[in-house]
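Presented below is the structure to which this report refers.
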Amino acid sequence: MSKVAKRGKAVRRLGLLRATRRSRPSPAAGARPVVGDAPPVQDRQAVQATQGASAAQSAPSQVARPLPDVAAGLATPLAPISKAAASMEMVPIGKDARVEARDAMKRVLPRYARINRLHPGMTWGSIQRSLQQMGFTLWRPSIKEKRAVVTQTVNPELPKSAGGQVYFRDIHLDDFLVFRPMGESCTSKIELLNQGTLVFQQKASALPALALAPPRGSTVIDACAAPGSKTSQLASLMQNDGIIYAFDRDRRRLDTLAQLMRQRGASCVEPRNSDFLHISPSDRLYANVTHILLDPSCSSSGMTKDPITDPAEVAELAANQRAIIWHAMRFPEVQRIAYSTCSVYEEENERVVESVLASPEGAGFQLADCLPFWARRGRSLFPGAERCVRTSLEDQTIGFFVALFERKPL
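Taking the numbering used here, the leading residue of the sequence shown gets 996, the next gets one more, and so forth.
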C-alpha cells in the first residue's frame, strides 16, 4: 500500500478522487521532469540530494527531490508576517512544528470577509450600519497610502492608532472586507456572518472564480465544490442567472454545501453527489457547459495546517490533477477552465500546466492572461507561465496558484 493510501483520512479531507488512481492517464510523453519547488532565486538555497530509491519507485517517471518548507525564502516588509514565516522555515517538518507555525500565522494574517451580493436587502450602507452597531469602525486609507501599494499585492497597513475593532475594503477585491488578525478583533461575533450577508473567505481562494468570470446565463461546473465558498462566489458573480453543477463525492460534505447555498441565497447551484471524473462529457445534461472551475486535492503546502511534504505523495497528487484538467477539456462546449491549488510546489502548479499544454488533450487550449491586476505571476519555467498567478504569505494571505485555460479560436 502506498503512503498516500495510508494517509486516507487526510487525503479524503482534501477530496482526493482515489478511485481514479489506477486508471488515470500518465504524464505526456516528453513532458519535463517534475522537480521540487524553490524560493525566488535571490533566496534560493543549495539544492538537496535526490530522494532514495523508494520514492523513485513510487513515481518512476518523476524526478523526486526533497520539497522545501512552505515559507522558505519569504522576505516580506511586514515584520509580524516575516517573523512567523521565519519560524515556519526554521522548525523541522512535523505535526507539532506545523501546529506552532499555523498558530503563528493565525495571529498575523488578516481575516477576510466577502460581501454576499445574493443576500436579500444587502447594501453597502446596511453593512456599514450593522458593523457600526457591533462596534466596528470603517477605516479609509488615504490616497497616498493607496498609491504606495497599488502596484503591489498587499493592502495598506492599518495604523496602530485605529484600534482593534476596525475594518476596511480590500484594495484589490472590492467585495472583500479586511479585519485585523484572529485574536485582535471579535469577528466571530459579527451577526452578518450568521445571516450569510458576509462570508469568511481567504483572499487567495477568491481568485479562481474571479479568473473564470462566468457571465450571467452561463452553465458552469464546480468540479471539486465542497465546502462551497467558491461555489457561492460563482453564484454571486452570475447573480443567480444560469446554473452551477457542484460536484463532490463525499455525501456529508455535499450536504454541508447544500445547506450553505440555501443560507447564502445561491439558488442557481445544483449539488451533485458524484465523482467529477466519472461524469461523461457527452452526457446531454452537461452539453452546454462553458465554464469549469477545478480546485482539486493538493498538498496544501500553501497553508500551514498539515501539508503533504513527501515527494512521492506530491507526484501522485500532480498526476491526479493532470487527469482532472484533461477530463474537463473533453467537455465539447467548454470555453474556459480555471485550475487552482493551495500549493506552493511547482510540481502541482507550473509543471502540471506545462505538461497539460504539451499533451494531445491540451492541444485545443491555451493559457489566458489570468487576473492582469495581480502583480505576483507564475514562475518562468516555460513560455507563458507568467500568465498564471501566485499568492504567498507576503501578500497577506495563504499560498495559492491559479491558471486559466481557454479554448483556442477555430
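No residue lacks a Cβ here, since even glycine has one placed at the ideal position from N, Cα and C. All figures in this text were calculated on a predicted structure; none of them were measured in a lab.
So residue i and residue j are in contact, right, with Cβ under 8 Å, and what is the actual spacing, rounded?
i, j, result
"Thr1285", "Thr1392", "Contact doesn't hold; Cβ gap of about 29 Å is too wide."
"Cys1337", "Gly1297", "4 Å"
"Phe1163", "Tyr1107", "With a Cβ gap of about 11 Å, Phe1163 and Tyr1107 do not count as contacting."
"Met1256", "Gly1212", "Rounded, the Cβ-Cβ distance is 19 Å, inconsistent with contact."
"Pro1210", "Leu1229", "Not a contact, Cβ separation roughly 11 Å."
"Ile1320", "Tyr1340", "Not a contact, Cβ separation roughly 16 Å."
With residue i as the anchor, note down where its beta strand (DSSP E) starts and where it stops.
i, result
"Asp1250", "Segment Arg1246 to Gln1258 is the alpha helix (DSSP H) holding Asp1250; no beta strand (DSSP E) there."
"Arg1109", "Arg1106 to Ile1110"
"Ile1399", "This sequence places Leu at residue 1399; Ile is not what is there. Run containing Leu1399: Phe1395 to Arg1402, per the beta strand (DSSP E) assignment."
"Gln1196", "Element bounds for Gln1196: n/a, residue is neither H nor E."
"Ala1351", "Note on residue identity: the sequence assigns Val, not Ala, to residue 1351. Where Val1351 is concerned, there is no enclosing beta strand (DSSP E), although the alpha helix (DSSP H) it sits in stretches over Glu1345 to Leu1352."
"Gln1361", "Phe1360 to Leu1362"
"Leu1288", "His1286 to Leu1289"
"Leu1188", "Note, Leu1188: premise wrong, no beta strand (DSSP E); alpha helix (DSSP H) at Glu1186 to Gln1190."
"Asp1236", "Per DSSP, Asp1236 belongs to no beta strand (DSSP E) and is neither H nor E."
"Val1215", "Ser1213 to Asp1217"
"Ile1332", "Arg1331 to Thr1336"
"Leu1172", "Phe1171 to Phe1174"
"Arg1267", "Val1264 to Arg1267"
"Tyr1162", "Val1161 to Arg1164"
"Thr1386", "Val1384 to Thr1386"
What separation, rounded to the nearest whole angstrom, lies between the Cα atoms of residue i and residue j?
i, j, result
"Pro1105", "Pro1176", "4 Å"
"Asn1235", "Ile1138", "35 Å"
"Cys1383", "Gly1191", "31 Å"
"Glu1389", "Asp1245", "34 Å"
"Val1351", "Phe1360", "9 Å"
"Ile1238", "Gly1260", "14 Å"
"Cys1219", "Pro1151", "33 Å"
"Pro1291", "Asn1189", "28 Å"
"Ala1313", "Val1348", "10 Å"
"Gln1123", "Leu1133", "8 Å"
"His1167", "Pro1203", "14 Å"
"Pro987", "Pro1302", "Given that the chain is displayed from residue 996 to residue 1405, the structure contains no residue 987 and the question cannot be resolved."
"Cys1293", "Val1194", "23 Å"
"Glu1342", "Ala1318", "14 Å"
"Thr1226", "Leu1153", "31 Å"
"Arg1325", "Pro1136", "47 Å"
"Phe1368", "Lys1184", "33 Å"
"Leu1289", "Gly1357", "15 Å"
"Leu1126", "Asp1165", "16 Å"
"Leu1187", "Pro1378", "45 Å"
"Val1397", "Glu1381", "11 Å"
"Asp1305", "Leu1207", "31 Å"
"Ala1307", "Ala1221", "26 Å"
Beta-carbon within less than 7 Å of residue i's beta-carbon, same chain only, minus the 5 sequence neighbours each way: which residues are those?
i, result
"Pro1266", "Ala1241, Leu1249, Leu1252 and Ala1253"
"Gln1197", "Tyr1107, Thr1392 and Ile1393"
"Glu1140", "Pro1151"
"Val1309", "Leu1062, Ser1294, Ile1303, Tyr1340, Glu1342 and Glu1343"
Return the first residue and the last residue of the alpha helix (DSSP H) that residue i is part of.
i, result
"Leu1126", "Trp1119 to Gln1128"
"Ser1224", "Ser1224 to Met1233"
"Pro1306", "Pro1306 to Met1324"
Using the rule of at least 16 other Cβ atoms within 10 Å of the residue's Cβ for burial, across every protein chain shown, is residue i buried or exposed?
i, result
"Arg1109", "buried"
"His1273", "exposed"
"Leu1366", "buried"
"Gln1128", "exposed"
"Gly1373", "buried"
"Leu1280", "exposed"
"Gly1116", "exposed"
"Ser1354", "buried"
"Gly1120", "exposed"
"Asp1278", "exposed"
"Leu1205", "buried"
Leaving out five residues before and five after residue i in sequence, what residues of the same chain have Cβ atoms less than 6 Å from its Cβ?
i, result
"Gly1332", "In the sequence as displayed, the identity of residue 1332 is Ile instead of Gly. Around Ile1332: Ile1287, Ala1323 and Phe1400."
"Phe1174", "Arg1106, Tyr1162, Ser1180 and Thr1182"
"Ser1018", "Low local confidence applies: a pLDDT of 36 at Ser1018 is under 50, so the model's placement there is unreliable, and no value is given."
"Ala1363", "Leu1399 and Glu1401"
"Phe1395", "Ala1199, Gly1297, Cys1337 and Thr1386"
"Leu1376", "Glu1345"
"Ser1295", "Pro1302 and Cys1337"
"Ile1216", "Tyr1240, Val1284 and Ile1287"
"Phe1131", "Gln1160 and Tyr1162"
"Gln1040", "Note that Gln1040 scores a pLDDT of 33, beneath 50, so its modelled location is shaky; the value from the coordinates is reported in the next line. Within the same chain, Gln1040 has no close Cβ partners at all."
Please list, in chain order, all residues of the same chain as residue i whose beta carbon is under 8 Å from its beta carbon, the five residues on each side excluded.
i, result
"Gln1147", "Ala1370"
"Arg1112", "Asp1170, Ser1231 and Gln1234"
"Val1329", "Val1284, Thr1285, His1286, Ile1287, Ala1323 and Arg1402"
"Ala1282", "Pro1327 and Glu1328"
"His1114", "Gln1190, Gly1191, Thr1192, Arg1259 and Gly1260"
Please report whether the beta-carbon of residue i lies at a distance below 8 Å from any beta-carbon of chain D.
i, result
"Ala1370", "The displayed structure is made up of one protein chain only, and chain D is not part of it."
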